Amino acid sequence: MELMAAAERFVVHLEQVRRLSSATVRAYRSDLRDLSESIGESALRDVDLEMLRDWLWRATQRGDARSTLARRAAAARSFFAWAKEEEFIGVDPSLRLIAPKRGRTLPAVASQEGMRELLDARAAAASEGDPVALRDHALLELLYGSAMRVSELCGLDIDDIDQDRSTARVLGKGSKERVVPFGRPARDAIAAYLIRGRPVLLARAAKPSPAVFLGVRGARIGPRAVYTLVADALGPIIGADAVGPHALRHSAATHLLDGGADLRAVQEILGHASLGTTQIYTHVSSERLTATYRLAHPRA
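Note that the numbering used here gives residue 282 to position 296 of the sequence shown, counting from 1, and the numbers run on in steps of one.
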């Protein structure tokens, strides 16, 4: 079997059996296509460790980031493990494939005071009654108040919001469902939007939508529109380029830990499969603690 033909069968397996997200499936397909182009038209059983190492070396030479190299090595290992399990190959050539370790970068985080000022300003704008301003205020409050992912927010339907309990049911990575809490400011902003803003936007739609958050034409809002909204709102506060919805998630997680939240609880709220993923936020909090100490302590 040719490598790329096997890779396409593997991608179908990821979609239909493992039910990975569309973004992950696209990344795996791209990585395996790059591998196929690198080693040429080889049969799957002819691929060996040296071919895989040469593939990663070429990617290094053209300047691919370490995170990209790590992802490609992971894609190759997952693919060849599956191929061996399916008995397409007798030996897994990727077992000793090692990629450069990912460099750990701390996420951009807004200050609590900065978030307070931002949300207060959005609340004032929403009080004028403009449907888009009402939506934007509710959207920002919910993203920050629940720490959900932008894909989860865009996928919310009306039935997913429980206003009495101040919770939202979201569909996370790997189609895993969880319930996340949000606070009173988000609850009030959502209620105002659902009563005074969403019906106006929905009236512009070509057909009814169950989505909570709608675009200016009444259809379900997309991640790109949310990214633009958050980038415009957070850029002046954080002072970083390309600040998107994930910065609100980072900020919420960090502020939870700053306030004394248990790391396991934060893991559950964020929907992380591994506690190690959540632990990066403890580094952010530690850096802030160190900075405060150096500014405040006379012997720092």
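Every residue gets a Cβ at the ideal spot worked out from N, C-alpha and C, and that includes glycine.
A quick note: this is a predicted structure, and the numbers were derived from the prediction, not measured.
- Distance from the CA of E36 to the CA of S22, rounded to the nearest whole angstrom, comes to 14 Å.
- DSSP places L18 in no beta strand (DSSP E) but in the uninterrupted alpha helix (DSSP H) bounded by S8 to I25.
- If you look at V212, you'll find it in the alpha helix (DSSP H) that goes P209 to I224.
- Bridge partners of P167 according to DSSP: T153.
- Going by DSSP, L35 is part of the alpha helix (DSSP H) stretching over L35 to Q47.
- One thing to note: A172 has its Cβ within 9 Å of the Cβ of Y130.
- Under DSSP, L200 forms a beta bridge with R206.
- D248 and G201 have their C-alpha atoms roughly 36 Å apart.
- Membership of E72 in any alpha helix (DSSP H) is not indicated, and neither H nor E is assigned to it by DSSP.
- The beta carbon of G208 sits closer than 8 Å to those of C140 and G201, all from its chain and outside the five residues before and after it, given in chain order.
- Boundaries cannot be given for L81, as no alpha helix (DSSP H) includes it and DSSP labels it neither H nor E.
- Between R108 and L126, the C-beta spacing is below 9 Å.
- I176 is not bridged by DSSP to any residue.
- Residue burial annotation: T240 is buried, with at least 16 other C-beta atoms found within 10 angstroms of its C-beta.
- Taking C-alpha positions only, L55 is separated from D174 by approximately 45 Å.
- A direct Cα-to-Cα measurement between T264 and W41 gives close to 32 Å.
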